[in-house]
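Have a look at the structure below before the remarks.
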Amino acid sequence: MLRRFGIDGFEKGSASFQGKLAARGTTPDAFAASLSGSGKFSVSGLRASLLEDLAHTLTFFGASRIASGGIKVAAPFAVKNGIADFAGITASSSVISANGSLVLNFVKSSIDSLLRFHIGGLEIPLKISGPFGRISVGLDAGDARP
Numbered sequence: 000m001l002r003r004f005g006i007d008g009f010e011k012g013s014a015s016f017q018g019k020l021a022a023r024g025t026t027p028d029a030f031a032a033s034l035s036g037s038g039k040f041s042v043s044g045l046r047a048s049l050l051e052d053l054a055h056t057l058t059f060f061g062a063s064r065i066a067s068g069g070i071k072v073a074a075p076f077a078v079k080n081g082i083a084d085f086a087g088i089t090a091s092s093s094v095i096s097a098n099g100s101l102v103l104n105f106v107k108s109s110i111d112s113l114l115r116f117h118i119g120g121l122e123i124p125l126k127i128s129g130p131f132g133r134i135s136v137g138l139d140a141g142d143a144r145p
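If you're matching positions, the sequence shown starts at 0 in numbering that gives the first Met the number 0 and goes up one per residue.
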């Protein structure tokens, strides 16, 4: 399914969504502004060749291999007035872990996220933000930690 959106390099895994969402409106803007609810999105057993290749090049940081279990991701969220807040995102494999937050603003059609990737003793803060049509991705050097 991800290939339909131009995202490649994911080979297998399972995803689940649990939650309740509600919205009302006669226009797309009114619908987005009324979106409310909560839930949890999770992925388990994800095998991503692109991430595995990257991790294998980082063996000097203490990474040796990806476990056969793949990558696990958990993302609980709450939505109020069209703003989805994923405050406790976690991801892990035997080589890399990540945590962070993500805010999807459906009213303003924007994203704001800070994810911290941990490889060995190194932390890499990644900032993802901007309007849906012009999202920027970059290192957040101001939030870097040794």
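Glycine included, every Cβ here is placed at the ideal spot set by N, Cα and C.
Annotation: Asp28 to Asp139 spans about 32 Å, alpha carbon to alpha carbon. For the beta strand (DSSP E) assignment, the uninterrupted runs of no fewer than 3 residues enclosed by the segment 115-141 are, from N- to C-terminal side, 121-130 and 135-138.
In the structure shown, Ser109 adopts extended strand secondary structure according to DSSP, grouped into three states. Closest by C-alpha distance to Ile127, out of Arg115, Ile110, Phe116 and Gly120, is Ile110. In this structure, the CA atom of Lys71 is about 11 Å from the CA atom of Ile95. Taking 8 Å as the cut-off, the Cβ atoms of Leu114 and Gly99 count as close. When rounded, the separation of the alpha-carbon atoms in Thr25 and Leu103 is 21 Å. Restricting attention to Asn80, Ser13, Ala73 and Gly44, the CA atom closest to the CA of Ala31 is found in Asn80. Distance from the Cα of Ala74 is smallest, within the candidate group Leu125, Phe16 and Gly137, for Phe16. Taking a 10 Å sphere around the C-beta of Ser135, we find fewer than 16 other C-beta atoms and assign the residue as exposed. Ranking Arg23, Leu34 and Ser41 by CA distance to the CA of Gly12 puts Ser41 first. Under the DSSP assignment, Ser96 falls in the beta strand (DSSP E) whose first and last residues are Ile95 to Asn104. For Ala22, no alpha helix (DSSP H) encloses it, and the DSSP letter there is neither H nor E. Under the 10 Å beta carbon count, Leu34 is surrounded by 16 or more other beta carbons and is classified as buried.
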